[in-house]
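Student: Take a look at this one; I'll ask things after.
There are 4 protein chains.
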Amino acid sequence: MHVRHTTEFTVEFGDCDPARIVFYPNFFRWMDSAARHYFVAAGVPSWHETESTDGIIGTPLVDASAQFRQPATYGDRICVDTSIAEWRGRSFVMKHVIRRGEDVLVEGTETRIFARRHPDDPARVQAVMPPERILRMLR
Amino acid sequence: MHVRHTTEFTVEFGDCDPARIVFYPNFFRWMDSAARHYFVAAGVPSWHETESTDGIIGTPLVDASAQFRQPATYGDRICVDTSIAEWRGRSFVMKHVIRRGEDVLVEGTETRIFARRHPDDPARVQAVMPPERILRMLR
Amino acid sequence: MHVRHTTEFTVEFGDCDPARIVFYPNFFRWMDSAARHYFVAAGVPSWHETESTDGIIGTPLVDASAQFRQPATYGDRICVDTSIAEWRGRSFVMKHVIRRGEDVLVEGTETRIFARRHPDDPARVQAVMPPERILRMLR
Amino acid sequence: MHVRHTTEFTVEFGDCDPARIVFYPNFFRWMDSAARHYFVAAGVPSWHETESTDGIIGTPLVDASAQFRQPATYGDRICVDTSIAEWRGRSFVMKHVIRRGEDVLVEGTETRIFARRHPDDPARVQAVMPPERILRMLR
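Protein chains in written order, with this note's numbering: chain A, 4 to 142; chain B, 4 to 142; chain C, 4 to 142; chain D, 4 to 142.
Here's what the structure looks like:
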């Protein structure tokens with residue numbers, strides 16, 4: 004898998020906590036956004052649209068992890084480099100490397116599934132094989 | 004280490020995304036809060052106070068991970084069971100199990116350090132051995 | 004209108020910014036949650052349910068305002084007292100008073116409509132008269 | 004006052020709620036960021052720096068309000084046009100107009116003070132006259 008995508012963010016005052024560094028769940032927020040921008044860059048339509056066409060409501064998480072190497076603070080410009088590291092049938096692993104200039108701040112992974120609403124209970128979601136036309140966009 | 008602490012949260016409408024399930028970074032937000040409540044329950048003062056007394060500005064993350072087993076939605080009452088799973092000198096591992104009733108929704112870990120401001124550059128933080136009086140509260 | 008409801012929240016570390024006080028958009032987040040809890044306390048079902056029964060997808064905001072009288076910080080326990088101050092046909096005004104003990108921290112108002120998806124464009128929402136059975140729960 | 008500044012944001016999936024539109028407190032989050040970027044564009048240093056030089060820890064809110072004219076959803080690119088509408092001694096009013104292309108989505112105001120820590124109680128903040136060198140940057 005060779006598609007890569009870089010998403011830029013600015014760290015805002017409100018993203019930081021009383022220790023004056025990024026409140027860490029925000030790094031996962033940026034990874035989630037970077038994952039979405041990755042799909043958009045590859046040509047995948049909005050989940051609202053795929054819900055109508057394929058029943059796919061999104062790519063919820065099965066697992067997420069991050070190693071925090073250096074903190075960031077407000078005013079910093081950060082870049083998230085995103086790629087798909089592995090396909091595993093109904094799930095896949097996205098890798099995100101967050102940098103400020105040359106410095107790696109965070110390395111994270113997200114294991115995601117393609118999900119549709121459960122046919123018996125719309126409050127639950129269900130993993131499905133990604134539609135072929137979406138897979139073709141991604142590899 | 005046998006100290007355990009349970010923190011309760013209500014999932015709010017604004018915690019959920021267009022898929023009508025919790026936007027996953029919020030689970031890390033709740034783990035971070037549960038970690039803080041764990042310290043408070045053990046008698047550890049506010050980081051603002053420990054900054055004056057010990058130079059400790061908080062316990063920033065080195066690593067965080069979560070396995071998402073079942074989604075939650077708004078109106079759900081969730082409990083986070085927190086314990087310290089491992090001490091590793093300057094770092095330690097907190098374990099969080101998030102339940103709705105009997106159902107385990109998320110299992111997460113946070114590896115944290117005790118941090119003070121770097122003496123040469125207050126924008127950076129530095130791992131330090133936890134002060135003995137704080138360690139005594141935690142084990 | 005005499006129905007009142009009080010919702011309690013704990014101010015968390017991550018709700019505070021580098022000035023060590025609550026990052027102010029969080030007060031609107033708590034008002035929004037308090038509005039939802041007000042409806043639940045009055046017997047109004049989830050918006051997901053009302054979408055099926057009445058087409059109502061929620062009560063989006065037309066206007067919001069807040070006066071910030073005193074700051075709050077992490078560890079504070081706050082109460083939001085919510086009431087409906089005024090009915091205006093398709094819109095209504097909710098009043099929220101946020102206290103820490105006896106101290107009033109914030110006074111806010113939210114002007115809301117009952118909304119359904121626009122019949123010509125599901126991406127837009129449209130104000131509708133509240134269904135009579137919901138109105139009866141609220142006054 | 005003729006200084007104006009425009010800040011751009013992308014609405015992310017996680018900024019939206021189960022109604023698939025922006026969860027409204029995020030508009031205040033963007034206004035707060037736009038206010039900060041306005042100051043930076045005018046040459047005002049970080050609050051961390053002004054705390055050392057002038058004791059100014061930031062410009063906390065006295066009052067905030069917004070009129071929501073049209074919703075936004077994820078993928079939307081929005082612009083916040085910021086200006087200072089009024090100076091009132093220790094407080095001042097910032098005006099924010101949030102647009103998507105030509106459409107005005109939100110009009111908001113923030114009344115702010117220049118704050119320092121209260122000399123008798125560092126947990127409280129106190130309004131002060133803005134330092135002359137900062138005022139010169141802003142008008």
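Yeah, the Cβ is synthetic: ideal placement off N, Cα and C, and Gly gets one too.
Here the structure is a predicted model, which is why all the values come from computation and not from measurement.
#1: With a floor of 4 residues, list each alpha helix (DSSP H) that falls wholly inside the segment 10-61 of chain D, ordered by position along the chain.
#2: Here's the rule I'm using: 16 or more other beta-carbon atoms within 10 Å means buried, otherwise exposed. How should residue 56(C) be labelled?
#3: Is it right to say residue 61(C) is buried, meaning 16 or more other beta carbons lie within 10 angstroms of its own, or is it exposed?
#4: Based on the DSSP secondary-structure assignment, which residues constitute the bridge partners of residue 111(B)?
#5: Do residue 65(B) and residue 115(B) have their CB atoms nearer than 8 Å?
#6: Alpha carbon to alpha carbon, how far is residue 23(C) from residue 70(C)? Give it in angstroms, no decimals.
#7: Please confirm whether residue 126(C) has its beta-carbon closer than 8 Å to some beta-carbon of chain D.
#8: Whether or not the segment 25-43 of chain D and the segment 84-99 of chain D are in contact is what I'm after, with contact meaning three or more pairs of Cβ atoms, one per stretch, closer than 8 Å; do they touch?
#9: 8 Å is my cut-off, CB to CB: does residue 103(A) come that close to chain C?
#10: Using a Cβ distance threshold of 8 Å, determine whether the segment 127-135 of chain C contacts the segment 98-112 of chain C, with at least three qualifying pairs required.
#11: Quick check: the Cα distance between residue 4(C) and residue 73(B), rounded to an integer number of angstroms?
#12: May I ask you to list the residues that DSSP assigns as paired with residue 64(D)?
#13: Hey, residue 16(A) and residue 18(C) are a contact pair by Cβ (cut 8 Å); roughly how many whole angstroms apart?
#14: Using the DSSP secondary-structure output, state which residues sit across from residue 75(D) in a beta bridge.
#15: Helix, strand or coil for residue 89(A)? Go by DSSP, reduced to three states.
#16: Rounded to whole angstroms, what is the Cα-Cα separation between residue 137(A) and residue 47(A)?
#17: Taking the Cβ atom as the reference point for each residue, do residue 58(B) and residue 142(B) lie within a distance shorter than 8 Å?
#18: Between which two residues does the alpha helix (DSSP H) containing residue 139(B) stretch?
#19: Let me know the secondary structure DSSP gives residue 122(D) once reduced to three states.
#20: From the beta carbon of residue 17(B), is the nearest beta carbon of chain D less than 8 Å away?
#21: Does residue 83(D) come out as helix, strand or coil in the three-state DSSP assignment?
#22: Between residue 20(A) and chain C, is the shortest Cβ-Cβ distance under 8 Å, so that the two count as touching?
#23: Can you find the residues in the same chain that come closer than 8 Å, C-beta to C-beta, to residue 63(B), ignoring five residues on each side of it along the sequence?
#24: If we define contact as Cβ-Cβ less than 8 Å, is residue 26(A) a contact residue for chain C?
#25: Would you call the CB atoms of residue 34(A) and residue 121(A) closer than 8 Å?
#26: Once you ignore the five residues that flank residue 101(A) on each side, which residues in its own chain have a CB closer than 6 Å to its CB?
Tutor: Straight from the coordinates:
#1: Runs of the alpha helix (DSSP H) lying entirely within the segment 10-61 of chain D and spanning at least 4 residues, in chain order: 28-45 and 50-57.
#2: In the third sequence, residue 56(C) corresponds to position 53, counting from 1. Classification of residue 56(C): exposed, given that the 10 Å Cβ count is below 16.
#3: Translated into positions along the third sequence, residue 61(C) becomes position 58. For residue 61(C), the number of other beta carbons within 10 angstroms of its own is at least 16, and it is reported as buried.
#4: For this step, residue 111(B) is matched to residue 108 along the second sequence. As DSSP reads the structure, residue 111(B) sits in a beta bridge with 69(B) and 99(B).
#5: Counted from its first residue, the second sequence places residue 65(B) at position 62. Counted from its first residue, the second sequence places residue 115(B) at position 112. Between residue 65(B) and residue 115(B), the CB-CB gap stays under 8 Å.
#6: Locating residue 70(C) in the third sequence gives position 67, where the first residue counts as 1. Locating residue 23(C) in the third sequence gives position 20, where the first residue counts as 1. Near 19 Å, if we compare the C-alpha coordinates of residue 23(C) and residue 70(C).
#7: Taking the third sequence and counting its residues from 1, the one referred to as residue 126(C) is at position 123. For residue 126(C), the answer is yes, since a Cβ of chain D falls inside 8 Å of its Cβ.
#8: The segment 84-99 of chain D is in contact with the segment 25-43 of chain D.
#9: In the first sequence, the residue the question calls residue 103(A) occupies position 100. Contact of residue 103(A) with chain C is not assigned, every C-beta pair being separated by 8 Å or more.
#10: The segment 127-135 of chain C, when compared against the segment 98-112 of chain C, does not touch it at the 8 Å Cβ threshold.
#11: Start at 1 with the first residue of the third sequence, and residue 4(C) comes out as number 1. Start at 1 with the first residue of the second sequence, and residue 73(B) comes out as number 70. In this predicted model, residue 4(C) has a pLDDT of only 47, less than 50, meaning its place in the structure is not dependable; the value taken from the coordinates is given anyway. Cα to Cα, residue 4(C) sits roughly 40 Å from residue 73(B).
#12: The residue you call residue 64(D) lines up with position 61 of the fourth sequence. Residue 64(D) pairs with 115(D).
#13: The count along the first sequence starts at 1 and reaches residue 16(A) at position 13. The count along the third sequence starts at 1 and reaches residue 18(C) at position 15. Contact doesn't hold; Cβ gap of about 14 Å is too wide.
#14: Walking along the fourth sequence from the start, residue 75(D) turns up at place 72. Looking at the DSSP assignment, residue 75(D) forms no beta bridge with any residue, so it has no partner.
#15: Here residue 89(A) refers to the residue found at position 86 when the first sequence is read from its first residue. Three-state result, residue 89(A): strand.
#16: In the first sequence, counting from the first residue as 1, residue 137(A) sits at position 134. In the first sequence, counting from the first residue as 1, residue 47(A) sits at position 44. Residue 137(A) and residue 47(A) have their C-alpha atoms some 6 Å from each other.
#17: Start at 1 with the first residue of the second sequence, and residue 58(B) comes out as number 55. Start at 1 with the first residue of the second sequence, and residue 142(B) comes out as number 139. No, the pair does not count as a contact, with Cβ atoms beyond the cut-off.
#18: Here residue 139(B) refers to the residue found at position 136 when the second sequence is read from its first residue. In this chain, the alpha helix (DSSP H) harbouring residue 139(B) covers 135-141.
#19: On the fourth sequence, residue 122(D) is found 119 positions in, with the first residue counted as 1. For residue 122(D), the three-state secondary structure derived from DSSP is coil.
#20: Numbered from its first residue, the second sequence carries residue 17(B) at position 14. Residue 17(B) counts as touching chain D.
#21: Translated into the one-based positions of the fourth sequence, residue 83(D) becomes position 80. In this structure, residue 83(D) counts as strand in the three-state DSSP scheme.
#22: For the purposes of this step, residue 20(A) is identified with residue 17 of the first sequence, where counting begins at 1. Yes, contact with chain C.
#23: The residue given as residue 63(B) occupies position 60 in the second sequence. Here residue 63(B) has 115, 116, 118 and 128 as same chain residues with Cβ atoms under 8 Å from its own Cβ, once five neighbours each way along the sequence are excluded.
#24: Indexing the first sequence from 1 puts residue 26(A) at position 23. At a cut-off of 8 Å between beta-carbon atoms, residue 26(A) makes contact with chain C.
#25: Along the first sequence, read from residue 1 onward, the residue named residue 34(A) stands at position 31. Along the first sequence, read from residue 1 onward, the residue named residue 121(A) stands at position 118. Not in contact: residue 34(A) and residue 121(A) (Cβ atoms no closer than 8 Å).
#26: Here residue 101(A) refers to the residue found at position 98 when the first sequence is read from its first residue. For residue 101(A), same chain residues with a beta-carbon under 6 Å away, outside a window of 5 residues either side, are 81, 83, 108 and 109 in chain order.
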